[in-house]
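Working notes, structure below.
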Amino acid sequence: MQRILITGALGQIGSELVVALRERYGCDAVVASDIRMTPARDADGTGPFELLDCTDFRQIQETVRRYDIDTIYHLAALLSAVAEEKPRVAWDVNMGGFYKVLEVARESKCAVFHPSSIGAFGPSTPRDGTPQDTIQRPTTMYGVTKVAGELLCDYYYTRFGVDTRGVRYPGLISYVAPPGGGTTDYAVEIFYEAIRNQRYSCFLEADTCLDMMYMPDAIKAAIDLMEADASRLVHRNAFNVAAANFTPETLAAEIRKHIPEFVIKYNVDPVRQAIADSWPASIDDSTAREEWDWAPSYDLETMTTDMLENLRKKLG
Ligand code: NAD
Ligand code: SER
Numbered sequence: 001m002q003r004i005l006i007t008g009a010l011g012q013i014g015s016e017l018v019v020a021l022r023e024r025y026g027c028d029a030v031v032a033s034d035i036r037m038t039p040a041r042d043a044d045g046t047g048p049f050e051l052l053d054c055t056d057f058r059q060i061q062e063t064v065r066r067y068d069i070d071t072i073y074h075l076a077a078l079l080s081a082v083a084e085e086k087p088r089v090a091w092d093v094n095m096g097g098f099y100k101v102l103e104v105a106r107e108s109k110c111a112v113f114h115p116s117s118i119g120a121f122g123p124s125t126p127r128d129g130t131p132q133d134t135i136q137r138p139t140t141m142y143g144v145t146k147v148a149g150e151l152l153c154d155y156y157y158t159r160f161g162v163d164t165r166g167v168r169y170p171g172l173i174s175y176v177a178p179p180g181g182g183t184t185d186y187a188v189e190i191f192y193e194a195i196r197n198q199r200y201s202c203f204l205e206a207d208t209c210l211d212m213m214y215m216p217d218a219i220k221a222a223i224d225l226m227e228a229d230a231s232r233l234v235h236r237n238a239f240n241v242a243a244a245n246f247t248p249e250t251l252a253a254e255i256r257k258h259i260p261e262f263v264i265k266y267n268v269d270p271v272r273q274a275i276a277d278s279w280p281a282s283i284d285d286s287t288a289r290e291e292w293d294w295a296p297s298y299d300l301e302t303m304t305t306d307m308l309e310n311l312r313k314k315l316g
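Letter 30 of the sequence shown, counting from 1, is numbered 30 in our numbering, and no numbers are missing.
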């Protein structure tokens, strides 16, 4: 039986991953944790929750021992825009925290899921159809920590036999929890504003093309990879995964099919634009498709329909 610990469980991914894993493995088998608490104390209120700072080795160690954890989904991190504002904190949390999680995993023989990002690439990376194995010279602190995290995953697997696995997520779109301060947050905000005010002021330029993914596919990717047949995994870590590819203008046009009066304007934030410009316009995820049968269920059209339907219910 799996005993799972999720760090950063109250964030955008964790809020839905906790629910999905509890449905799959049982409520008591999944320990949600975060450095903060919601008023309800828990991600979904159906299972154990621990206040846990991932930069505190003893706290991780005690939690893993107390619950007899064998798998850690390590989600705690600062996202790209916040990390550019606070690079020192980003290094401490994204790098220091992950190193401690890996050390506990080594000691307690846990498997580890590590979400890397398209932010692990940089301006010298081939920009279109970015291959699985290619140049990685990111120009952001977020990217630096993601590349180092990918390398640490490989190191802990080859050196210590820790079962590390991970993907490079594109921008993630969801209606459950708000995004945590990334460069791709516009693709979530736009839906809220389209429903509330039928207008949105976008902080990226109209033609900024990036890969994006709907949260159900992101959750599926994490669980499918962690359950994949290890003998098929040549790469194990940092798999490119993609689902949809669009610009703010294309997304606005898709939303307009449902809300014809929707208007998008642009008030570009130079910091986040520079980050987006340093990332690939599109990535090639054929390696994930080959090694563990990765296939997304949502494209731009089906995601937009589902987002609007669920967000309308949520916002009343
Ligand atoms: P998020 O910002 O929504 O959530 C992160 C959570 O970590 C927050 O709840 C926060 O309270 C918690 N946290 C921060 N510092 C902590 C600490 N010291 N100890 C414990 N918890 C701490 O992030 P997310 O979108 O859920 O992303 C999770 C992971 O996935 C991150 O590694 C992120 O880089 C990666 N990722 C996310 C996206 C995306 O679009 N959301 C894309 C690519 C990769
Ligand atoms: N969505 C994330 C961000 O913008 C990508 O890792 O930071």
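Just so it is clear, CB atoms sit at the ideal spot from N, CA and C, and this is done for glycine as well.
(message) Quick check on DSSP: helix, strand or coil for M303?
(response) Translated into positions along the sequence shown, residue 303 becomes position 303. Helix.
(request) Let me know the alpha helix (DSSP H) ranges lying completely inside the stretch 187-236, each 4 residues or longer, listed in chain order. (result) 215-227
(request) Report yes if the C-beta of S117 is less than 7 Å from at least one heavy atom of the ligand NAD; otherwise report no. (result) Position 117 of the sequence shown, counted from the start, is the residue given in the question as residue 117. Answer for S117: yes, Cβ within range of the ligand NAD.
(request) Can you check DSSP and say which residues form a bridge with F113? (result) The sequence position of residue 113 within the sequence shown is 113, counting from 1. Y73 and R165, per the DSSP bridge assignment.
(request) Please go through the same chain and pick out, in chain order, the residues whose beta-carbon is closer than 7 Å to the beta-carbon of V64, but skip the five residues on each side of it. (result) The residue labelled residue 64 in the question sits at position 64 within the sequence shown. These residues qualify, in order along the chain: L5, V104, S108 and C110.
(message) For S80, which residues in the same chain have their Cβ closer than 7 Å to its Cβ, ignoring the five residues on either side in sequence?
(response) Walking along the sequence shown from the start, residue 80 turns up at place 80. Excluding positions up to five away in sequence, the list reads G119, T140, Y142, G182, T183 and I275.
(message) With a threshold of 8 Å on Cβ separation, who are the neighbours of R22 within its own chain once the five nearest residues in sequence on each side are excluded?
(response) Locating residue 22 in the sequence shown gives position 22, where the first residue counts as 1. Around R22, the same chain offers A29, V30, D44, T46 and G47 as residues with beta carbons nearer than 8 Å, after the five sequence neighbours per side are excluded.
(request) Taking 8 Å as the cut-off, decide whether the C-beta atoms of D284 and G129 are in contact. (result) Counted from its first residue, the sequence shown places residue 284 at position 284. Counted from its first residue, the sequence shown places residue 129 at position 129. Result yes, Cβ atoms of D284 and G129 sit closer than 8 Å.
(message) Once DSSP output is grouped into helix, strand and coil, what is the label at D185?
(response) Position 185 of the sequence shown holds residue 185. Here D185 sits in coil by DSSP.
(message) Rounded to the nearest angstrom, what separates A221 and P260 at their Cα positions?
(response) Against the sequence shown, residue 221 aligns to sequence position 221. Against the sequence shown, residue 260 aligns to sequence position 260. Cα-Cα distance, rounded: 33 Å.
(message) Check whether the stretch 158-173 and the stretch 204-221 touch, using three or more Cβ-Cβ pairs below 8 Å as the test.
(response) Segments in contact, yes.
(request) Compare the beta carbon distance of T55 and V93 with 8 Å and say whether it is the shorter of the two. (result) Start at 1 with the first residue of the sequence shown, and residue 55 comes out as number 55. Start at 1 with the first residue of the sequence shown, and residue 93 comes out as number 93. In this structure, V93 lies closer than 8 Å to T55 by Cβ.
(request) Whole angstroms is fine: what's the gap from F191's alpha carbon to L308's? (result) In the sequence shown, residue 191 corresponds to position 191, counting from 1. In the sequence shown, residue 308 corresponds to position 308, counting from 1. Distance between the alpha carbons of F191 and L308 is about 7 Å.
(message) If you reduce the DSSP assignment to three classes, tell me which class T287 lands in.
(response) Taking the first residue of the sequence shown as position 1, residue 287 is located at position 287. Three-state DSSP puts T287 in a helix.
(request) Check whether the Cβ of C209 lies closer than 7 Å to any heavy atom of the ligand NAD, and answer yes or no. (result) Here residue 209 refers to the residue found at position 209 of the sequence shown. Not one heavy atom of the ligand NAD falls within 7 Å of the beta-carbon of C209.
(message) For I60 and F121, what's the separation of their Cα atoms in angstroms?
(response) As a working mapping, residue 60 is identified with position 60 in the sequence shown. As a working mapping, residue 121 is identified with position 121 in the sequence shown. Each residue's alpha carbon lies about 30 Å from the other.
(message) Measuring CB atoms only, is the stretch 195-215 touching the stretch 232-248, in the sense that at least three cross pairs come out at less than 8 Å?
(response) yes
(message) Quick check: the Cα distance between D163 and W292, rounded to an integer number of angstroms?
(response) The residue you call residue 163 lines up with position 163 of the sequence shown. The residue you call residue 292 lines up with position 292 of the sequence shown. When rounded, the distance between both Cα atoms is 15 Å.
(request) Kindly indicate the opening and closing residues of the beta strand (DSSP E) around I118. (result) Numbered from its first residue, the sequence shown carries residue 118 at position 118. Careful: I118 lies outside any beta strand (DSSP E) and carries neither H nor E.
(message) When you compare the CB positions of I223 and R24, do they come within less than 8 Å of one another, or not?
(response) Here residue 223 is taken as the residue at index 223 of the sequence shown, counted from 1. Here residue 24 is taken as the residue at index 24 of the sequence shown, counted from 1. Cβ atoms of I223 and R24: closer than 8 Å.
(request) Check D34 in the structure and name its three-state DSSP category. (result) Position 34 of the sequence shown, counted from the first residue, corresponds to residue 34. Strand.
(message) Which residues does DSSP list as the beta-bridge partners of Y266?
(response) Here residue 266 is taken as the residue at index 266 of the sequence shown, counted from 1. C202, per the DSSP bridge assignment.
(message) Can you find the residues in the same chain that come closer than 7 Å, C-beta to C-beta, to T134, ignoring five residues on each side of it along the sequence?
(response) In the sequence shown, residue 134 corresponds to position 134, counting from 1. T125 and P126.
(request) Grab the span of the alpha helix (DSSP H) containing E261 for me, first residue to last. (result) The residue labelled residue 261 in the question sits at position 261 within the sequence shown. Segment: none, E261 is in no alpha helix (DSSP H) and carries neither H nor E.
(request) Could you give the DSSP three-state label for A20: helix, strand or coil? (result) Counting from one through the sequence shown, the residue named residue 20 turns up at place 20. In the structure shown, A20 sits in a helix (DSSP, three-state: H, G or I).
(request) With a threshold of 16 other CB atoms inside 10 Å of the CB of D229, please say whether the residue is buried or exposed. (result) Taking the sequence shown and counting its residues from 1, one reaches residue 229 at position 229. Looking at its Cβ environment, which holds fewer than 16 other Cβ atoms inside 10 Å, D229 is exposed.
(message) I'd like the list of long-range same chain contacts for P296, defined as Cβ closer than 7 Å, with 5 residues on each side in sequence excluded.
(response) The count along the sequence shown starts at 1 and reaches residue 296 at position 296. If we look at P296 and ignore the five residues flanking it on each side, its Cβ neighbours are M213, D217 and A243.
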